[in-house]
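S.K.: Listed in order, the protein sequences are those of chains A and B. According to full-length UniProt numbering, the residues represented by the first sequence are 1 to 254, in order. According to full-length UniProt numbering, the residues represented by the second sequence are 1 to 62, in order.
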Amino acid sequence: MDLIRRLFTAALVAGVLSGTAASVVQQATTVPLILEAEKYEVVTPPPATAATAAGPAEAHQHGPVREVGEGVPTTLDEAMQRIGLTIAANLITGVAYALLLGAAILLAGRPVDARRGLVWGMGGFIAVSLAPSFGLPPELPGMAGAELELRQFWWLSAAAGAGAAMLALAFARNRLVIVAAVLAAALPHLIGAPHPESAEGAVPPELAARFVAASLGGAALFWAILGSVCGWLISGLVTSAESRPALRVQPGAR
Amino acid sequence: MTTHSIHTAGASASRSAAQTAVAAFAAILLGSFLLYGVGFAQPQQIHDAAHDARHSFAFPCH
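(1) Could you tell me whether the Cβ of residue 94 of chain A comes closer than 7 Å to any Cβ of chain B?
(2) Looking only at C-alpha atoms, which of A/95, A/213 and A/118 sits nearest to residue 137 of chain A?
(3) For residue 43 of chain B and chain A, any beta-carbon pair shorter than 7 Å?
(4) Counting only beta-carbon separations shorter than 7 Å, does residue 155 of chain A have a partner in chain B?
(5) For a contact meaning CB atoms closer than 7 Å, what does residue 24 of chain B contact in chain A?
(6) Closer than 8 Å between beta carbons: that is the criterion. Which residues of the segment 3 to 15 of chain A meet it against chain B?
(7) According to DSSP, is residue 173 of chain A part of a helix, a strand, or is it coil?
(8) On the criterion of 16 or more Cβ atoms from any shown chain inside 10 Å, does residue 52 of chain B qualify as buried, or is it exposed?
(9) So for residue 56 of chain B, helix, strand or coil by DSSP?
(10) Exposed or buried, residue 22 of chain B, counting other C-beta atoms within 10 Å across all chains shown (16 or more means buried)?
(11) Helix, strand or coil for residue 212 of chain A, going by three-state DSSP, please let me know.
(12) Report yes or no: do the segment 100 to 107 of chain A and the segment 38 to 48 of chain B share at least 3 C-beta pairs separated by less than 8 Å?
(13) Please tell me whether residue 91 of chain A has its Cβ less than 7 Å away from any Cβ of chain B.
(14) Distance, Cα to Cα, residue 192 of chain A vs residue 54 of chain B?
(15) According to the Cβ coordinates, are residue 231 of chain A and residue 112 of chain A closer than 7 Å?
(16) Are any of the Cβ atoms in chain A nearer than 7 Å to that of residue 18 of chain B?
(17) Closer than 6 Å to a non-hydrogen atom of the ligand FMN - does that hold for the CB of residue 17 of chain A?
(18) Cutting at 7 Å between CB atoms, please list the residues of its own chain near residue 93 of chain A, excluding the five before and the five after it.
(19) Within 7 Å (strictly less), CB to CB, does residue 116 of chain A reach chain B?
(20) Do the segment 219 to 230 of chain A and the segment 14 to 31 of chain A meet, that is, are 3 or more Cβ pairs less than 8 Å apart?
(21) Contact between the segment 73 to 81 of chain A and the segment 193 to 200 of chain A: three or more CB pairs below 8 Å?
(22) Taking the beta carbon of residue 222 of chain A as the centre, do at least 16 other beta carbons fall within 10 Å, making it buried, or is it exposed?
(23) If we ignore side chains and look at the alpha-carbon of each, how far apart do residue 78 of chain A and residue 49 of chain B end up?
(24) Looking only at its chain, what residues have a beta carbon closer than 6 Å to the beta carbon of residue 132 of chain A, apart from the 5 residues adjacent to it on each side?
(25) Taking the continuous alpha helix (DSSP H) assigned at residue 77 of chain A, which residues delimit it?
(26) Identify the contact partners of residue 47 of chain B in chain A, using a Cβ-Cβ distance below 8 Å as the criterion.
Here it is in structure tokens:
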């Protein structure tokens, strides 16, 4: 019970710190781009009946009606509420990832400290930020995308595959396990991420490009903090369970 | 190392291995649940609340 309590406390602290840092960076980088992109979101597509009545030529000329996105805050209260909810979501994301990373560190059973935790954090960044972004770049509202469930499934496969491959490369002894894990990481990319048939998003490509860089940069910082703090706080937990060599001599002892 | 000390070390290591497995499993369970809620769940209110965070963390959102 003590181990669970200490692991969860470590994850809570690491998640809150990294989530807070991510929130500050996001408000300065990605969030302004999201708000800007929402202005291009097609809120009211031209009604089909009106288009037929007006004739296809005229409908084509006018195109879809673009309005300020529904979610764009118009009052200070709305803006504060939106920022608050985003911070809450970031903190939860931080705690969730810290729990998963902490569990992986604990299961690996190797000595860890803040520096090694940083390496673990970079592994997390590669698994859930870089690998999925290789096929599905971070997207702004209003960008064209394939069916959501397909993208979510592909995202999970890419992240899980990359995570498994890195863990296998670092810790597995059996070459077959390593080969299988590397194949699992490559498979989603060989199949290819789901993309819409035609990329006809309304968002200017410059905004989209800046958003990709900002999203990945913010995620890298988030994971650096998350990994270091996790490593630092979990170091005591792993060293206390580090009498593992005894486990290897154990069969003869019994 | 005497047989006795190896035996005790082995017992405490296997106990801590079981504790480690339980703690890690609990963390994975809660972590996955939170991650699903914040990154993937689609009910409108959850989606709206986590919207900007989802985009910033590059979860597929819309």
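Backbone N, C-alpha and C define an ideal beta-carbon position, used for all residues, glycine too.
M.R.: In brief:
(1) no
(2) A/213
(3) no
(4) yes
(5) 103, 106 and 107
(6) 3, 4, 7, 8 and 11
(7) coil
(8) buried
(9) helix
(10) exposed
(11) helix
(12) no
(13) no
(14) 22 Å
(15) yes
(16) no
(17) You won't find the ligand FMN in this model; it holds no ligand whatsoever.
(18) 19
(19) no
(20) yes
(21) no
(22) buried
(23) 12 Å
(24) 155, 158 and 159
(25) 76 to 108
(26) Near residue 47 of chain B there are no residues of chain A at all, since even the closest Cβ is about 10 Å away, more than 8 Å.
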